[in-house]
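Asker: Structure provided below as structure tokens; questions to follow.
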Amino acid sequence: MEKNEYNVKAITDVYKNAHIALQSISDLLPAVEDEDIRNELKEQYEGYEKIIGEISTFMVENQIERKDVNPFKKAMLWSSIKMKTLINSSRNQVAEMMINGTVMGVNELTAMKNEGSNLDEEILALLDKLLKLEEDYQERLKKFL
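For what it's worth, the numbering used here labels the leading residue of the sequence shown as 23, then goes sequentially.
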């Protein structure tokens, strides 16, 4: 894969990673009754919105098409969240679901970073920023377990 293709794929994957997190919070919030974790999720939502804005700006400036998350994947995510919260929407369950999602995001971003010796500095900076954000959110959610 040529360097430019590699960078386009990387920034697209970073964008999708943040977008899935945002979508998860959006799907989860209606089921959350505990005010403390609800406020935490709203703060995280704002953080993901901000980084998605930065990634989007970079993509527009570099004429990279922003591709939405696959609708089938979105539907699967939505149904999984609905099923889990229908059974149990306690703050512990919500925190566990969010931590599991964040761990998957951290793992994907870390693998991408470790493979990314050819990444442009700007893309690597955005990847690092999202990675740090997700690691921070993961730690913050532990208090709700």
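The C-beta atom is built at its ideal place from N, Cα and C for all residues, glycine as well.
Could you check if SER46 is buried or exposed, using at least 16 other CB atoms within 10 Å of its CB as the buried criterion?
Answerer: Here residue 46 refers to the residue found at position 24 of the sequence shown. Result: buried.
Asker: Let me check understanding here. Comparing Cα to Cα, which of ILE42, TYR28, ASN26, MET105 lies closest to GLY127?
Answerer: Position 105 of the sequence shown holds residue 127. Considering only alpha carbons, the answer is ILE42.
Asker: Since ASN140 is in the alpha helix (DSSP H), which residue starts that stretch and which ends it?
Answerer: Position 118 of the sequence shown, counted from the first residue, corresponds to residue 140. Run containing ASN140: none; DSSP gives neither H nor E here.
Asker: Measure the C-alpha to C-alpha separation of LEU148 and ILE77 and round it to an integer number of angstroms.
Answerer: By 1-based counting over the sequence shown, the position of residue 148 is 126. By 1-based counting over the sequence shown, the position of residue 77 is 55. One C-alpha to the other measures close to 7 Å.
Asker: I'd like to check one pair, MET81 with ILE33: are the Cβ atoms closer than 8 Å?
Answerer: For the purposes of this step, residue 33 is identified with residue 11 of the sequence shown, where counting begins at 1. For the purposes of this step, residue 81 is identified with residue 59 of the sequence shown, where counting begins at 1. In this structure, MET81 lies closer than 8 Å to ILE33 by Cβ.
Asker: Verify the CB distance criterion: does ILE86 have a CB-CB separation below 8 Å to chain D?
Answerer: Included in the structure is just one protein chain, with no chain D present.
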